[in-house]
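Working notes for the structure below.
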Amino acid sequence: MKNFKEKLLNFFRNIYGLDQLNIFIICLSVVCVILSSIFESPVFGFINLVLQILWFCRFFSRNYVLRSNENRKFLSIFTKIKNKFDLEKKKFSERKTHAYRKCPHCKANLRLPRKKGRHTVKCPKCAEHFEVKI
Ligand SMILES: [Zn+2]
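Residue numbers for the sequence shown, in our numbering: 20 to 153.
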C-alpha cells in the first residue's frame, strides 16, 4: 500500500498541471457545452471532446519546456488582444473629451484633446510632425 501511495505521489509530482492556456481551454470547453445544449449540434460536442483531450494531455504532460513555450506564446497573443480591447474601451469612455489617432510614421496611438478643426501634431514617440482633422 505504501509503495502504491509513493508511486501515486511521484506521478502527480512530475505532471505539468494547470497554466493560463489550460484554463483558457477549459473555459472554451464550457462555452462549447453551453452552445451544444442551446443549438443541439454535434459539432460543439465534438469540439468540446477535442478541447477536453487537449487540456487533459497538457495537464498530465511531463514536457515542461514545450508546455511552457506554448503557454508563453498564448500569453503574448492574449495580451495583445486584451490590450486592443482595453484601448477600445478607453477610446469609448473618453470619446467626448479626447480623440485617438495613429501616427502615420511609427503607428503609435496618440491621445489628442478633442478640438474641432485641422491641427499639426508632433508625435512624442518619433518626433515627426503630421496633420490631423478632428
Ligand atoms: Zn510617430
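No residue lacks a Cβ here, since even glycine has one placed at the ideal position from N, Cα and C. Please read all numbers here as calculations on a predicted model, not as lab measurements.
- Between the beta-carbon of residue 35 and that of residue 95 there is about 19 Å, and that puts the pair past the 8 Å contact cut.
- By the neighbour-count criterion, in which 16 or more other beta carbons inside 10 Å mark a residue as buried, residue 41 falls on the buried side.
- Using a Cβ-Cβ distance cut-off of 8 Å, the stretch 42-52 and the stretch 81-90 are not in contact, since fewer than three pairs of beta carbons, one from each stretch, lie closer than that value.
- At least one heavy atom of ligand 1 falls within 7 Å of the beta-carbon of residue 127.
- Counting the other CB atoms within 10 Å of its CB gives residue 27 a total below 16, which places it among the exposed residues.
- Contact between the stretch 56-67 and the stretch 94-109 is absent, with fewer than three C-beta pairs closer than 8 Å.
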